[in-house]
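Written out below as structure tokens is the structure these notes cover.
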Amino acid sequence: MGSLIFLLSASAAFAAQTSFSCPQPRFESGMAAALREVQSLSPEAAASRLAELGSVRGAEGVEGRLGYGALLAVRAKGFGVEGGVYCDEPPSPEDPLGDRWIGVSAEGGRRFRLDLAGSPHPVPSQIQELGASDDVQPFSLASAAGGGAFAGLWGRFKEKLMSLAGRPYVYGGTDCAWLPHAALNSLPGMCSRARSYFDKDSACFTRCDQGPYLPGDLILMGRAEPDHWVVLSEVNDQSRANSPRNKIIDQSSDCGGFCGEGAVRPNLAERRVYACARPKALAEAYAADDAARRTRQPLIESSRAERIVAASFATAASLPR
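For the sequence shown, our numbering assigns the number 17 to the initial residue and increments by one for each residue that follows.
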């Protein structure tokens with residue numbers, strides 16, 4: 017059914033690259049212009065712009081610029097946006113409800129939808145990742161430690177990090193790489209073979225340099241050259257590992273040894289990120305949780321299909337006999 021097919025595109029060129037389509041897109045030039053603007057923004061700037069939009073009433077505010085707002089909402093989550101479409105499908109015998117929605121595509125094949133027909137006052141923050149049901153919050157990497165196999169494994173890793181730390185910082189003994197190395201090797205099912213070379217240890221780690229980042233990721237950073245490893249413990253900026261919005265656990269001379277858990281320090285936020293290494297056990301747990309979530313939760317289209325069937329029955333019942 018055409019009304020149940022979802023496209024995330026602002027141009028014919030993008031449409032040719034995907035199996036999804038929107039039969040009646042609207043405001044194409046406006047969406048294309050908004051896409052170009054949002055692509056140039058950092059996640060922080062997109063969040064700020066979205067807040068500004070929400071404070072303005074009328075056509076220049078969020079009510080009159082929902083397509084722009086939807087693009088901003090996805091970028092504010094930390095994802096690079098790749099396409100956007102405002103889709104307006106009129107009622108038909110097959111679909112007596114008609115359908116209006118805004119679709120946004122993002123890096124990594126992610127797809128988001130803001131349902132305009134099912135909400136009297138839609139706002140961009142209601143945009144859902146395709147696969148989430150109407151009554152379930154979209155899955156977020158920033159809250160990945162909230163439940164499931166990943167949460168349990170990350171919790172044990174974090175507990176071990178905190179229990180081993182606090183010894184004097186001495187290069188070659190309890191240096192910045194010693195702490196995660198020791199913690200991983202003391203946990204069943206996890207491993208680390210070469211301290212200070214996590215990014216080259218393919219037996220125990222997978223590279224995650226492009227993000228989005230997860231709690232438990234090991235981040236290597238430095239100025240002129242890489243010189244410091246930290247463990248991400250809370251991810252609020254999924255696109256930038258050493259963002260001050262994120263929290264870390266590490267050993268460092270900055271703190272005379274163990275720094276505890278806290279926000280990325282200013283001198284670390286200024287450094288270049290050279291590598292991200294994710295323990296394979298955490299990567300596998302996250303993938304298993306994601307697969308289980310998608311099995312449990314119906315697609316947005318499935319939920320909407322139930323409303324279409326109900327409307328069809330209501331229409332049939334109202335016909336003269």
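Idealized CB from N, CA, C, for every residue including glycine.
This one's a predicted model, so the numbers in the text were calculated from it and none came from an experiment.
- The beta-carbon distance between P140 and A89, rounded to whole angstroms, is 4 Å. This is short enough to meet the 8 Å contact definition.
- Looking only at N262, S218, G278 and A165, the smallest Cα-Cα distance to A307 is reached by A165.
- The DSSP-derived three-state label of G119 is strand.
- The beta-carbon distance between P41 and C103, rounded to whole angstroms, is 6 Å. This is short enough to meet the 8 Å contact definition.
- The DSSP-derived three-state label of S259 is coil.
- Here the region 48-62 makes contact with the region 85-101; the two share three or more CB pairs at distances below 8 Å.
- Put simply, the region 223-241 touches the region 276-288. At least three CB pairs are less than 8 Å apart.
- In the three-state DSSP reduction, R52 falls in the helix class (H, G or I).
- Residue environment for H137: exposed (fewer than 16 other C-beta atoms within 10 angstroms of its C-beta).
- The three-state reading of DSSP puts R73 in coil, since its state is none of H, G, I, E or B.
- C220 and C207 do touch by the CB rule: their CB atoms are close to 4 Å apart, below 8 Å.
- Counting only residues of its own chain and dropping the five nearest sequence neighbours on each side, F128 has a CB closer than 6 Å to the CB of V90, V120, I143 and E145.
- Pairing R223 with C292 gives a Cβ-Cβ distance under 8 Å.
- The closest CA to that of E123, considering only W117, E241 and G99, is found on G99.
- By the CB criterion at 8 Å, N258 and V289 fall inside the cutoff.
- Sorting L230, S255, P242 and E241 by C-alpha distance to the C-alpha of I264 places L230 at the top.
- Taking a contact as a CB-CB distance under 8 Å, the pair F173 and L203 counts as one, their CB atoms being some 6 Å apart.
- Per DSSP, the unbroken beta strand (DSSP E) holding E98 starts and ends at V97 to E105.
- In this structure, the CA atom of E68 is about 38 Å from the CA atom of S108.
- Bridge partners of I235 according to DSSP: V246 and C292.
- Excluding sequence positions up to five before and after K216, its CB lies within less than 8 Å of the CB of A210, all in the same chain and listed in chain order.
- In the DSSP assignment, A279 falls within the beta strand (DSSP E) that extends over G273 to A279.
- With a cutoff of 8 Å on beta-carbon distance, W170 and Q267 are scored as not near each other.
- The criterion of a C-beta distance shorter than 8 Å is satisfied by A181 and F274.
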